[in-house]
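Here the structure is laid out as C-alpha cells; the discussion comes afterwards.
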Ligand SMILES: Nc1ncnc2c1ncn2[C@@H]1O[C@H](COP(=O)(O)OP(=O)(O)OP(=O)(O)O)[C@@H](O)[C@H]1O
Ligand SMILES: Nc1ncnc2c1ncn2[C@@H]1O[C@H](COP(=O)(O)OP(=O)(O)OP(=O)(O)O)[C@@H](O)[C@H]1O
Ligand SMILES: [Mg+2]
Ligand SMILES: [Mg+2]
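Protein chains in written order, with the numbering used here: chain A, 1 to 618; chain B, 1001 to 1312; chain C, 2001 to 2525; chain D, 3001 to 3292.
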C-alpha cells in the first residue's frame, strides 16, 4: 500500500467572529491514498467544506487553523508561505467548490475560466492553450466543446457548469481532486453523469476527496467514508461495511433517513432539539442512546477492528447498539373509501412565452384526479411542468386549455371574485417557506392570518396548530427569519392547515432540507394526512421522497404525463421508458453502479438537457 | 439582434418623450412667471423703456398671442431645433449655448475622469482591507457630505489666493481647470469609491473568487481580472446619477470659480427669468442625459453577458 | 478728481519715459448686452466705449467743458440751438472721414425708437434735430433750453459713431469710432479686446498725452465676483481691476507692487429714497424717524473700511452745486429722537418682536431686493439698516424680486416704501432727474421718492434753464436742503471708483466720470 | 439627486440575514456620534434660542473679528455673532433638507405605488412622467421651479421636493413590483384575502420600510441641494441666516476673514455627514450587513 497522499491529524479550525468563536472543525483526522476516494459525509454545518478549504490553506482570514499533522505528498503544509500555497493550489490539488452554479465567474467565458490554472501555473503557451482547454472540456464530457468554451456560464445548464468546473480543477493534472457537494444542485440523471466523471478521474489515478451530505451519492464512489458531525469525525471506515453496518447512532440515523426507492419506509422518532455544544458528545442531545456519560465527556475516536473489520473507527460509548425505533410500516396506508375526486384536472395545457419570444409548452394536456384523502405524487425532472401544474391547480394561473374542477364544481374557470371565497380549500406548501412569510409578521400573525375570519381565541388555535406540527408555543413571537429551515417548513405546513383545506399542494417541500430534517417533515406530512384526511398533491423531483408519502404517483416529462398509478406498481414495474431512466439514475446504497449508457438507453441523450436542471421551483 | 433593436427603439422613443416633457415643462414655467418679459428684453431697470418700445418687443416675441398659439409656435420652432432668442443677451439661445458648451463639457469630463479614476484606485487599494478601509471611509463620507461649492471656496482661498498655484480667472488654460475639477469630482468620487469597494468586496466573497484562489491565482489577478468587472456593474448603474451630479455641480462650481459655461449661463438666466435660455439648457441637458444613460445601459449589457439576450 | 488725478499718478510713478507696446488686461465687474453706447446703459459699456469713441466735448471741471471733436461751439436762440465746428482730418477706424454728417447720424441714431436706447436718449431728451451746415459745421436744435446738453454730449454714451457702421443691421453691429483704440472682438461674458489706433490724433483738450496710444492691445476681462477679480490682480492675471472690493482695498494699499486709486463719482450718491406717497411714510415724522434710527456712518465705515465716504447729502461732494451746509437739515443718527418722533406720530404700541404698532397695523416698510442690481455689498448694508431700524421698532421687509417684477410692480406700480439707487452723472441737474415731480420712473425719470413738490419743481426747472450760475447754485442748494428736511431721501454713501493697477502700469488718467482713460497708459518694467 | 438603489431591496432575504447576524447591541461609536450630532442639530433647529441669541444683532464696531471669547466663531461683516447665525441657520437648512425629503417621500410613494399597482395605462403614464422629470439633473429642476416661483425658503423647499419626488417614485415602484410578485403575497392570495387587505397589510408596509432608510440618506442630499440654491442666492433671503447664504457672503471675505467661510461650511458638512452615516448604519442594520 503506497504511503498516503494526504495525511491530516488533529486538525481543528476555529472562526473568530464578532459574536464569539465558532469551532467549525475539531480534531479531525483524514488520510487519502493515491487513486483512492475518501468521502466526507455529514449534515449541513458539520464542517466538511471548512476541512476541505483547510487543506488548501483557504480557510479564510478569520480562521484559526491548528493541526498535528497536515501533509500533502509528504510535504508539511503547516507554515507554508503564500507563494508555496499558490504553487500547490490548482497545480497539485484541484478543488471543485460546493456552489457549482456560482463558482464560475459569470462575466468571463467558460474557456477562460477553465484555462486559468494553466495560465497561472504557466502550463500552456499562448497557441496551445485553446486546444488544451477544448480537450479538457471534452474530457469532462461536455458536448461540442469548441462552441461551449466561447460561451458564458449562464448559457450552460447546471450539469455542464459542474463539468466545466471539474475540467478546470483537473486542468493541471493534480494528484488530489477535492469535490465539495458535486451533485447537490443537480437533477438525478445529471448527478449520475457527474459521479461517473469523478469515477473516471479516480480510475485514472487521481485521488478524490468527495464531500457530500448524501450517503446514497457517496455509496457509488467512495472507497472509504468518514462521517462528520459538528466538526468531529464520529465514524470512519471502508464504504461497503460502514454503510452496511453503521456503528455510530448518527451514522445509523443518516442511513435510515435516506429516502430510498426500495427498502423499508421508516417513521423516524419525534423531533429533538438541535445539537448542543461541548463538553459532551455533540450528538448526545439527538441520540436515543445518550446517557449522562455521553453528555459529560466527549467520547474518543477508537478503532473497532472487531466486530467491524479493519479500518473502522467510531467516536461513541455505545457503538453498534440499535436505537429503539418504531417498527417499519408501509408508507401511507391507502385511504380507501368513496373514491370521490376532490380535484380533477382535465386536459390542462399551459404555454409560456420565453424571453426569446418563442412559445414553450410548460404543461401539455395533463389530466388526473386527486381523490379524497389520498396523496398523489408528481415526479419529473426539472422543467417538466410540475410547479406549473401546481399553480394551475391553485388557480394562480389560468390554463390555456382544459379546466380544473374542485369538488366537481368549476374552479379554474371562475372569476377571481367568486373564487376568493373558496380559496381557503386549496392550500400550498412550497420549497422556500421563508419567502412565503411576510418578513414583518411573527409566526403568530402568519398563521393567524390564515385562520378563517372570526376564529375565536386566535392565539390558542395557533398554538394548537403549532403543536400539531411538532412546534412549541415559544416560537409564537419569533420572526420567520429566526427559525431553522425545518421549523419554517413546519410553520408553513401549520399555515396550510389553518383554514382547514381539503387539498394541500406541496411543491418540493423538502428538497431544500437536510436529509435528517427532510425525513421528519415527510413523516409529519404523512401523519397529518392520516389524521386530518386532507388530500395531498405532492410534487418532487426525488422519487424516493415521493415514495415515502404517496399512494399514487404521476410521472411528468416535458409537460406531459407519461405514467400514473400506484406507487408500488409504478416504481416497482415502470412501464414508460422515461420512468425507468428516472429510477435507474437514482443513486442507491449497496447497488452496483450504473453507467451513463443505461440512461441514454432510457431515451434521454446526455447532452439534450433541460434548459435548467436546478432543483427548486422555477 | 432584434431584441436589442427593439430595446434601442424603445429607448429612443422614451428619450423623445422626455425631451418633449422637459420642453413643455419649461414652456409652462415660462408662462407661469409673473411680470413681463418685455421689460427684461428691453434692457431691465436702467432702460426704463417707453410703452411703445415694450409693445414693439411684445410684438416681436409674440408675447401677445394666446398661450396655445405661443406653445404651437414654440413647439414648431423646437422641432426645427430653433430655441428662440435670449431675453437678456440679445442673441439666439442656440448661439449662447454653443458658446458656453465647451467649458462646461471640459469641466464635467475632467471631473468625471478624475472622480472615477480616484474612486477605482481607492476601492482597489482598500477593498477587503479593514484598516485602510476605516481610514478612507471617513474621507469618503467627508467628501460625500461636503457641498462642492464649499470645497471650491476653500480650494480657491488656499491655492489661488494665498499660494497662487492656480489662476483665479477661469480662462481656457488647463491649469484653470484643475481646481474646479477637483471641487466637482470629490463628492462623486466619495460615493463611487464606496460603491466600487462594496462591489469588489461582494465579488471577492463570491465562490468564484474562492475558486480562482483555489486555482492558485494571485490576489492582484483576482482583483483585476475577476472582481473589478463585477464592481463595474453597480458603478455603471450609478454613473447616470453621477452624471446628473456633475451637471448640477457644474452650475455651482462655475459660479464659484467665475468660469464661463452653461451652469453660469443658466444661473444668470434663472435670476433674470431669461426663459428661452433656461428652456434651451433644460432641453439640451435632458437630451444629453437620456442619450448618455442609454449609452451606459448599452455598456452595461456589454460588461454583463447575462444582460445581452435579456431584452430591456 | 478729474483728468488731473491721472497726471498725479503718472507723475508719482518712478522715472523712465513711456515705452510703447504691450497688452493691458483690465478686469471689470458686470457684463455686456450691447457695445452700442447708444443702446446700452451699463457702466461697463461706457467704460469700454470711452476708448473707442471720442465725444464732441470733454468735461474739464465740475461745470467746465473743453473742445474735443468739436473745436468750438456757440449757443444761440436762448439756449435752444448749439452750433459746433468740428475738428478736421479725423477719420473713423473704418476709414470713413469724420464730418458733420457723422454727428447728425449719431444723434439721430440715439433718439431713433428702433435703437431701443436705454439711457443715451434720455440724456438728450429735448433733442429736436441736427442740421449739416457745412462739411465740418453742424447745428443741433433743442425743443427747450437745456444747460446739461454739453455735459450729456461729453459722456461716452453719446460718443460719435461712424455713419457707415450705423447703417449695418443690429445683428452684426461693431463699434466704430475715432477713439484711441479700435474694436477687435467681443467674447460674450468673457472679454472685449481692443487694438491700438495708430492714426489717433484727436485727444481731448488737456490730455496728458498726444498722438497714438502706447498700448498695442487693451483687454477688458469680465469678472463679476469681487474676490475673484481681486485675485486676478494679485495673481498677475490682470494688470488693473475696477471695483476693488473695499475690504481688499485696505490690504492692497499695504501691498507693494500695486497702485491704488479712489475716484469719488459725481452725481447722486447711493441714497435710500422714501416713497412719501404711501403708508406710514406719508408722515414726515416717520420718515425723519427712519433716517434718525440708522447709524449710517458706523455701518458704512465698517462695511467699506472707510473707503467710501458716508453721505450726508443726496449729491456727492464732487458734483457742482454741492452744498455742504445742507446736511444740517439731515435727520442724522439719534435713536432717542427717532423714538420721540415715532411716539409723536402715534406709533406707540409694540408687538411681540418689538415692532411698533398703530391701530393694529405693524410699522412695516417694503424695500424690494433686486438681486441683479446688487453690488458693493449693498445687500449687507441693507441688512445693517434692517437691523438698526428694528431697534427703533420699524420692520423692513425685503422681498426678493426679479427685473420684470421690480420694474412693473414696484418702480412703476409704486408698491414700495423704500428703494435704493445711485446715479453717477457729473451735473447738479441730476437733482431734477431725481426729484422733479415729472420725472417719475414711469416717465423715464429718477424720482423714486415720488416727490410732488411744486416748489422743488420750480427750483430745478429754473436752475436747468437759467444761464446765471448764482441763481442755479442757490436753487440747487434749496433743493438739497428741502429733500433732506422732508427726509425724502436718506443719503448712504458716495460710490467710489476703487481701481487698482499693478505698479507696472503708468499714465492711466481718469475722466470727469471717473472712467480710467487708457490713451496715455503704458507698461513700465 | 437621489443615488438610485441598484438592486431592488429584498425584505425576505434581508430579514433572514438580519436574523442570522445577532443584534450587536451598540452600533459603532462613529454612528453613535453621528446620531448624537444630528439630534443636536435638530434641537438647534427647533429651539435655536436655547443655544444662542440675536443672530441679526449688528455691531458694526465689532465687525469681522476672529473667534474669541463671547464670539466662539467670530463675527461677520456687520459684527453679528457667527455662532448665533450658524445656530439659527440650522432651521432653514433642515427645514429645506428634511422637509423636502419628507414631502418628496410621501408624494413619491403615492406616485410609485400608483405606477406599480395603478394598472397598465395609469402606471405607464405615472412612470413616464417620472422619467421626464428624471431626465434632467435635479438641480436644474429646482432652478426651473425657483425661476417660476422666485427665490425664498418655501419655494426652495418645493423646488427640491419636486426634484426628489420622481426618484422616490421610481424606487417605490420597483419595490412595490418586487413585493407584489413575492411568494408571501402569493400566499396571501391563496388564503383568499381581498386585494385591498393585501395592499394594506403586506405591500405598503414592506415597501415603505426600506423607503424610510433611503429617505434618511436623502436628507443629506437635500440639505446640500438647499444650501446650493441659497448659495446661488435663490434660497432663503437675508437677513435670515442660512448656511449656504452665509457662505455666499463669506466668499467676499476669503482672504481677510476666512473663518467666515469655515463655520457655515463645516456646519453643512457635519450635518449632512451625520445624517448620511446614521442613514447608512440604519440601512446596514436593516439589511443585516455590518455597515461597511
Ligand atoms: N468564514 C466563516 N466564519 C465563521 N464561521 C464559519 C465560516 N465558514 C464556515 N463557518 C462555520 O463553520 C461550520 C462548518 O461550515 P461548513 O461550510 O464546513 O459546513 P458544511 O459541512 O460544508 O455544510 P454544508 O453541507 O452546508 O456545506 C458552520 O457552522 C459554519 O457556520
Ligand atoms: N412564468 C413563466 N414564464 C415563462 N416560462 C415559465 C414560467 N413558469 C414556468 N415556465 C417554464 O415552464 C417550464 C415548466 O416549469 P415548472 O416550474 O413547472 O417546472 P418544474 O417541473 O416545476 O421544474 P422544477 O423542478 O425546477 O421546479 C419550465 O421550462 C419553465 O421555464
Ligand atoms: Mg459545505
Ligand atoms: Mg418547480
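Note that the Cβ used here is the ideal one computed from N, Cα and C, for glycine as well.
query                                                                                                                                                                                                   : result
With residue 96 (chain A) and residue 178 (chain A) assumed to form a contact (beta carbons below 8 Å), what rounded beta-carbon distance in angstroms separates them?                                  : 7 Å
In this structure, what does DSSP give as the bridge partners for residue 227 (chain A)?                                                                                                                : A:41, A:235
At 7 Å on the CB atoms, spell out the chain A contacts of residue 1265 (chain B), in chain order.                                                                                                       : What residue 1265 (chain B) touches in chain A: nothing, since even the nearest Cβ is about 42 Å away.
For the beta strand (DSSP E) containing residue 413 (chain A), name the first residue and the last one.                                                                                                 : Per DSSP, residue 413 (chain A) belongs to no beta strand (DSSP E) and is neither H nor E.
Here's the rule I'm using: 16 or more other beta-carbon atoms within 10 Å means buried, otherwise exposed. How should residue 21 (chain A) be labelled?                                                 : exposed
Quick one: give me the first and last residue of the alpha helix (DSSP H) that residue 1105 (chain B) is part of.                                                                                       : 1093 to 1126
Closer than 8 Å between beta carbons: that is the criterion. Which residues of the region 1022 to 1033 of chain B meet it against chain D?                                                              : 1022, 1025, 1026, 1029, 1032, 1033
Return yes when the Cβ of residue 153 (chain A) is within less than 8 Å of the Cβ of residue 110 (chain A), no when it is not.                                                                          : yes
Where residue 546 (chain A) and residue 3277 (chain D) are concerned, what is the direct C-alpha to C-alpha distance, given to the nearest angstrom?                                                    : 52 Å
Going by beta-carbon coordinates alone, are residue 2490 (chain C) and residue 2274 (chain C) separated by less than 8 Å?                                                                               : yes
Does the beta carbon of residue 3024 (chain D) sit closer than 8 Å to a beta carbon anywhere in chain C?                                                                                                : Here residue 3024 (chain D) scores only 47 on pLDDT, less than 50, and its place in the model is too uncertain to base an answer on.
Assign residue 76 (chain A) to one of three DSSP states: helix, strand, or coil.                                                                                                                        : strand
Can we say the region 1147 to 1156 of chain B touches the region 1247 to 1260 of chain B, given the rule of at least three CB pairs closer than 8 Å?                                                    : yes
Touch check for the region 412 to 428 of chain A and the region 369 to 379 of chain A: three-plus C-beta pairs under 8 Å?                                                                               : no
At a CB distance below 8 Å, what residues from the region 115 to 134 of chain A approach chain B? Give them in sequence order.                                                                          : 116, 117, 120, 121
Can you name the residues of chain C whose CB is closer than 7 Å to the CB of residue 1187 (chain B)?                                                                                                   : Result: empty, since nearest Cβ-Cβ is about 22 Å, beyond 7 Å.
Tell me, please, which residues DSSP counts as bridged to residue 2073 (chain C).                                                                                                                       : C:2084
Got a sec: does ligand 2 put a non-hydrogen atom nearer than 7 Å to the Cβ of residue 362 (chain A)?                                                                                                    : yes
Give every residue of the same chain whose Cβ lies closer than 6 Å to the Cβ of residue 3156 (chain D), excluding the five residues on either side of it in the sequence, and list them in chain order. : 3096, 3226, 3229, 3235
Quick check: the Cα distance between residue 1286 (chain B) and residue 1093 (chain B), rounded to an integer number of angstroms?                                                                      : 16 Å
When you compare each of D:3182, D:3128, D:3107 to residue 1010 (chain B) by their alpha carbons, which one comes out closest?                                                                          : D:3128
Taking all protein chains shown into account, decide if residue 2282 (chain C) is buried (16 or more other Cβ within 10 angstroms of its Cβ) or exposed.                                                : exposed
Around the Cβ of residue 43 (chain A), are there at least 16 other Cβ atoms within 10 angstroms (buried) or fewer (exposed)?                                                                            : buried
May I have the straight-line CA-CA distance separating residue 1123 (chain B) from residue 1193 (chain B), to the nearest angstrom?                                                                     : 5 Å
Nearer than 7 Å: is that true of the beta carbon of residue 538 (chain A) relative to any heavy atom of ligand 2?                                                                                       : no
Here's the rule: buried if 16 or more other CB atoms are within 10 angstroms of the residue's CB, otherwise exposed. What is residue 291 (chain A)?                                                     : exposed
Using a Cβ-Cβ cutoff of less than 6 Å, which residues in the same chain neighbour residue 2047 (chain C) once the five nearest sequence positions on both sides are dropped?                            : 2515
Within this structure, are the beta carbons of residue 2530 (chain C) and residue 2302 (chain C) separated by less than 8 Å?                                                                            : This structure does not reach residue 2530 (chain C), given that chain C is present from 2001 up to 2525, and the question cannot be answered.
Does chain B have any CB closer than 8 Å to the CB of residue 213 (chain A)?                                                                                                                            : no
Establish whether the CB of residue 3180 (chain D) and some CB of chain A are separated by less than 8 Å.                                                                                               : no
Under a Cβ-count criterion, where at least 16 other Cβ atoms within 10 Å of its own Cβ denotes burial, should residue 1264 (chain B) be classed as buried or exposed?                                   : buried
According to DSSP, is residue 2154 (chain C) part of a helix, a strand, or is it coil?                                                                                                                  : helix
Report yes or no: do the region 3256 to 3274 of chain D and the region 1286 to 1297 of chain B share at least 3 C-beta pairs separated by less than 8 Å?                                                : no
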